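Protein chains: 2
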Amino acid sequence: MDWTDLQHFLALAREGTLSAAARSLGVDHVTVARRVAALEAAMSLKLVDRRPRSYELTEDGKRIAKIGAPMAETAFALERAAQASKSEVSGEITISAPPSLANLLIAPKLVLLRQQHPGITIKLIGEKRTASLNRREADLALRLSRPTEPGLIARKIGYFEFALYGSPGYLQATAPHAFAFVAYDSSMDEVPQQRWLMRFAGTREIVLRTNDLENQAAAARTGIGLAALPEFLGEADPRLQRLDIGGRPVGREVWLVLHRDLRRTPAVRAVASFLEDCLA
Amino acid sequence: MDWTDLQHFLALAREGTLSAAARSLGVDHVTVARRVAALEAAMSLKLVDRRPRSYELTEDGKRIAKIGAPMAETAFALERAAQASKSEVSGEITISAPPSLANLLIAPKLVLLRQQHPGITIKLIGEKRTASLNRREADLALRLSRPTEPGLIARKIGYFEFALYGSPGYLQATAPHAFAFVAYDSSMDEVPQQRWLMRFAGTREIVLRTNDLENQAAAARTGIGLAALPEFLGEADPRLQRLDIGGRPVGREVWLVLHRDLRRTPAVRAVASFLEDCLA
DNA sequence: GTCCATCTGTGCGAATTCTCACAACTAGAT
DNA sequence: ATCTAGTTGTGAGAATTCGCACAGATGGAC
């Protein structure tokens, strides 16, 4: 039995579609289809129903996938172990962080890290969906709340507050009762900064909803209304001016997250302390 | 990370040499060497020391092999699960048995099994070294003592006794005090039938030692001396005659062994009951 | 309705991987 | 000393596998 066939089948079982599995493996979807077929042939067992638009696991397929799942776990543990075994401060370290943090606080300072540790290569992925450290989609992650997954170590390394920002011209020309607002889309209605903004806005109009903080900032800059932005974002931009509204501001903690297996790895430690400095 | 690379490296770690790993995987030794090298490159980690006549795991290699070992376990469990999922009475079933049992009691009757279950293909390996059911080197095994490995199910399905056999001419022409004997080699000195033979032989000469029971029978047939042979072997051969010596004979139990995972598989059950009939 | 994004399937050329045959070397047996 | 069996290493051709480009089909957005 070819283990690569297993790997592809388990990826399919985990991701649900050929294409998603192919993406997660970094191969073509045709390859996944072929390898799953090969595994079926090797086992003389029908593992998937090929429906017009989807692959669906058969009962046998589900059972096999369930039994095989620990293999994937172990494979990821092996990747971490391999990374952890590297005694020199080198290698590729992947950081996952919310896009705004990545762009504004981390990316500009990466050059310093490179100067200090030339052996380290950084892969910085800014994404909203939290990358899985267990699957080693990232070595280090910055998150705005404490993660609960087992095997992960979290350390609070920063805190920032939100404030309302608009363009200087807009703030000067608009009466408070006429303020318009820029907000996250409704899927984010439950996050603290959104609730804070909504409470302040009250019945006043929301003129733009977007899931991207950069878009909110860009909109506010053009004078369309006010957006709730992190201070580190708003204060850094001269085209944005803060509106003081009194009351208790809302803030978010920044957590540095890494996997137990990597906690003693020199390269990971170096990057972790670099990230602490970025957030200090 | 390529799982096939892992598979090859773990096989190397388990078997000790490139060639043995290649045999167990059914590939060329060059392939194993290349895949191990590929894994090292992917992990940027030196896993083996290439010494003139051997591959030796480095410390990192040992650690990786230890962490990865469960993957191999799971892979074998998957193979068993695949076999167990086959609801029809068909597929290839591998039987491991001591060579003499395989040749004399099983092989001659295999044609009956085929008649009853045409879908089943049998692979019969007669070998002294006990095949690993956990690694699915065999689906069913016959052993002469109760195995203790976890996960295995053993059932006592037979019993046979040993007796002394020689050629009729030899028994007639030789005085008891002049008997010579054929025995196992000294690595088998501790098995019951060998101890029994040695006790009876006393100070009389051992003229041949061989690790193969068939060889002992062949030697006894030629009139070189007496051999301790299973009754099912000696009685079936007109060129051998039994020597009654009184006293308590020595016997061995025959155990049918199979893995828990396969216990309900129709094809395996069919072969198991066939083996019971063979030994009845 | 149209457009767009996403999913699976097919055929072909390219890149990779494997096997084979041979070589060099070692340890142990004869 | 010679021979045999077992190990790893090298090079070339063959076999396999992969990715690309395109097709067909579906569901959702507008």
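Protein sequence lines correspond, in order, to chains H and D.
Using this note's numbering, the letters of the first sequence map in sequence onto residues 781 to 1060.
Using this note's numbering, the letters of the second sequence map in sequence onto residues 781 to 1060.
Heads up, the beta-carbon is just placed ideally off N, CA and C, and yes, glycines get one too.
Quick caveat: nothing in here was measured; it's all calculated off a predicted structure.
- When the five nearest sequence neighbours on each side are left out, the beta carbons in the same chain lying within less than 8 Å of the beta carbon of leucine 790 of chain D are those of Ala845, Gly848, Ala849, Met851, Ala852, in order along the chain.
- Arginine 935 of chain D is a Cβ neighbour of leucine 1036 of chain D, given a cutoff of 8 Å.
- For aspartate 840 of chain D, the chain H residues whose C-beta falls within less than 7 Å of its own C-beta are Ser865, listed in chain order.
- The beta carbons of aspartate 782 of chain H and alanine 813 of chain H sit no closer together than 8 Å.
- Under the three-state reduction of DSSP, arginine 1044 of chain D is assigned to coil, being neither helix nor strand.
- Residues of chain D with a Cβ closer than 9 Å to the Cβ of isoleucine 844 of chain H are, in chain order, Leu858, Ala861, Ala862, Ser865.
- Counting only runs of at least 4 residues, the region 885–930 of chain D fully encloses the following alpha helix (DSSP H) elements, listed from N- to C-terminal order: 890–896.
- What glycine 806 of chain H touches in chain D, judged by beta-carbon distance under 8 Å, is nothing: the nearest beta carbon there is about 11 Å away.
- Between threonine 784 of chain H and chain D, the shortest Cβ-Cβ separation is below 8 Å.
- Around serine 947 of chain H, no beta-carbon contact reaches into chain D at under 8 Å, the shortest distance being about 50 Å.
- Residues are counted here when their Cβ sits less than 7 Å from a Cβ of chain H; for the region 823–837 of chain D these are Met823, Ser824, Leu825, given in chain order.
- For glutamine 895 of chain D, not one C-beta of chain H is nearer than 8 Å to its own C-beta.
- Threonine 1045 of chain H is outside the set of residues whose beta carbon lies under 8 Å from a beta carbon in chain D.
- In the structure shown, arginine 1032 of chain D adopts extended strand secondary structure according to DSSP, grouped into three states.
- Interface with chain H (8 Å Cβ-Cβ cutoff): alanine 855 of chain D is included.
- DSSP places tyrosine 950 of chain H inside the alpha helix (DSSP H), whose first and last residues are 948–953.
- In the pairwise beta carbon analysis, the region 1026–1045 of chain D is classified as touching the region 931–951 of chain D: at least three pairs are separated by under 8 Å.
- As summarised for the region 789–858 of chain D, the continuous alpha helix (DSSP H) elements at least 4 residues long and confined to that stretch are 798–805, 809–823, given in chain order.
- For a cut-off of 8 Å, the C-beta gap from leucine 825 of chain D to alanine 862 of chain H is around 6 Å, short enough to register as a contact.
- The shortest C-alpha to C-alpha distance from threonine 928 of chain H to any of H:Asn914, H:His957, H:Glu941 is the one to H:Asn914.
- Leucine 1023 of chain H and alanine 963 of chain H have their C-alpha atoms some 16 Å from each other.
- Between isoleucine 900 of chain H and alanine 1050 of chain H, the gap from beta carbon to beta carbon is short of 8 Å.
- Taking a C-beta cut-off of 7 Å against chain D, none of the residues of the region 898–914 of chain H qualify.
- Runs of the beta strand (DSSP E) lying entirely within the region 944–1006 of chain D, each at least 3 residues long, are 961–963, 986–989 in chain order.
- Against chain H, a Cβ distance below 9 Å from glycine 871 of chain D picks out Ser824.
- For the 8 Å CB-CB criterion, leucine 805 of chain D and valine 816 of chain D do not form a contact.
- With the rule of 3 Cβ pairs closer than 8 Å, the region 944–960 of chain D counts as touching the region 999–1009 of chain D.
- Shortest Cα-Cα distance from serine 834 of chain H to any of H:Leu798, H:Phe856, H:Ser925, H:Ile986 involves H:Leu798.
- The beta carbon of valine 971 of chain H sits closer than 8 Å to the beta carbons of Tyr964 from its chain, once the five residues preceding and following it are set aside; these are given in chain order.
- In the structure shown, alanine 1060 of chain D falls within a coil segment according to DSSP collapsed to helix, strand and coil.
- Spatial neighbours of valine 1048 of chain D in its own chain (CB-CB distance under 7 Å, excluding positions within 5 residues in sequence) are listed in chain order as Ile873, Asp919, Leu920, Leu1038, Leu1042.
- Where glutamate 872 of chain H is concerned, the enclosing beta strand (DSSP E) starts and stops at 871–877.
- Rounded to whole angstroms, the gap between the alpha carbons of serine 966 of chain H and arginine 989 of chain H is 8 Å.
- Collapsing the DSSP output to three states places leucine 1020 of chain H in coil.
- Around the Cβ of leucine 892 of chain H, a 10 Å sphere holds fewer than 16 other Cβ atoms; the residue is exposed.
- Between alanine 1060 of chain H and the set H:Glu1015, H:Thr1045, H:Thr784, H:Phe940, the nearest pair of CA atoms involves H:Phe940.
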